[in-house]
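Worksheet: one structure, shown below.
In our numbering, the protein residues as written are 182 to 328.
This is the structure we're talking about:
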């Protein structure tokens, strides 16, 4: 069974020291849906926009956050196999990302991992600013593994 929301929030925001230092916040954590926010403050680059590493972190963490809210951590664990990020425009404010897995996708991944020991899935995400403009797009290839 997925973790309670407060435990999932704590793990998402604080388990990885780098993420904790960045100030990333989990705004919504639900089974099959997460919304995360990366603050500009403390994550600026040499020209005042958001540092590429902060954007990459914001693109990568939803895979783990979705795992925590959607899968049984006693039976499974996630890994990331590949991540690509395309920058569209400078990020000059806080940036958010939303990620989803349908109940059907979750059930299919669990079934496949139970049968084969692992299941691959793709998350294609858009990182957006406060006005909804896309500042970056990501493609993350994840794998759900049976413990």
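We put the beta carbon where it would ideally sit given N, CA and C, even for glycine. Quick caveat: nothing in here was measured; it's all calculated off a predicted structure.
Closest Cα partner of residue 201 within the set 192, 290, 209:
192
DSSP three-state assignment for residue 314, whether helix, strand or coil
coil
Let's see if you can read the secondary structure: which residues bound the beta strand (DSSP E) around residue 268?
257-268
Count the other C-beta atoms from every protein chain shown that fall within 10 angstroms of the C-beta of residue 190, then say buried if there are 16 or more, exposed otherwise.
buried
If we count the other Cβ atoms within 10 Å of its Cβ and call it buried at 16 or more, is residue 219 buried or exposed?
buried
Every unbroken alpha helix (DSSP H) inside the segment 218-299 [4 residues or more]:
233-251, 284-297
For the segment 285-298 against the segment 307-316, do three or more pairs of beta-carbon atoms, one drawn from each stretch, fall closer than 8 Å, so that the two count as touching?
no
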